[in-house]
Amino acid sequence: MSDNRNQIDAACHCGTVRFRVRLTDGFNTVRRCTCSYCRMRGAVAVSAQLGDIEFVGGRDNLTLYTFNTGSAKHYFCKTCGIYTHHQRRSNPEQFGVNVACLDGVSPFDFPEVPVLDGVSHPKDTDAGPRLSGILRFDPAS
1 MSDNRNQIDA
11 ACHCGTVRFR
21 VRLTDGFNTV
31 RRCTCSYCRM
41 RGAVAVSAQL
51 GDIEFVGGRD
61 NLTLYTFNTG
71 SAKHYFCKTC
81 GIYTHHQRRS
91 NPEQFGVNVA
101 CLDGVSPFDF
111 PEVPVLDGVS
121 HPKDTDAGPR
131 LSGILRFDPA
141 S
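Counting from 1, one number per residue, gives the positions in the sequence shown under the UniProt record's numbering.
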């Protein structure tokens, strides 16, 4: 992890799982997904390359969940149950990182979050990733 992108500290809710991450393109990759799993999880994620996450504590406290093709690997803290990150099916060289785990960041910090069409996953069709919509958050309401 030696480049000029800023390292961000991150942790699960209970603090057992702690890591540092360098985002692929800052918060420009923020997004949600409409697949059956992401719909229920509801998290906002950003991108990091596989080598850009360094665990500083609790890596052995992560548990793994996979479904359907088993390609995407979703990681959670065994203690508090918080989703921390997942290895993407659409790009197995990347992790999606839960923005709520990043120090000083909230999913409500983003007034607009692109929602990708995970129901028609790019790996299941000839098309690339498709935008399903934009989630708008109005802090005034």
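Glycine residues also receive a C-beta, built at the ideal position from the N, C-alpha and C atoms.
Bear in mind the structure is a predicted one, so any value in this text is a computation, not a measurement.
Residue 9 is classed as exposed because its beta carbon has fewer than 16 other beta carbons within 10 Å across all chains shown.
By the CB criterion at 8 Å, residue 44 and residue 111 fall outside the cutoff. For residue 76 against residue 69, the beta-carbon gap comes to about 19 Å, at or over 8 Å, which does not count as contact. Taking one beta carbon from each stretch, the region 13 to 21 and the region 52 to 67 have 3 or more pairs nearer than 8 Å; the two touch.
With 16 or more other Cβ atoms inside 10 Å of its own Cβ, residue 98 counts as buried. Contact annotation: residue 47 and residue 94 have beta-carbon atoms nearer than 8 Å. Within the same chain, Cβ atoms closer than 6 Å to the Cβ of residue 102 are found at 8, 10, the five residues on either side in sequence being excluded.
C-alpha of residue 32 to C-alpha of residue 39: approximately 8 Å in a straight line.
No Cβ-Cβ contact shorter than 8 Å links residue 64 with residue 78.
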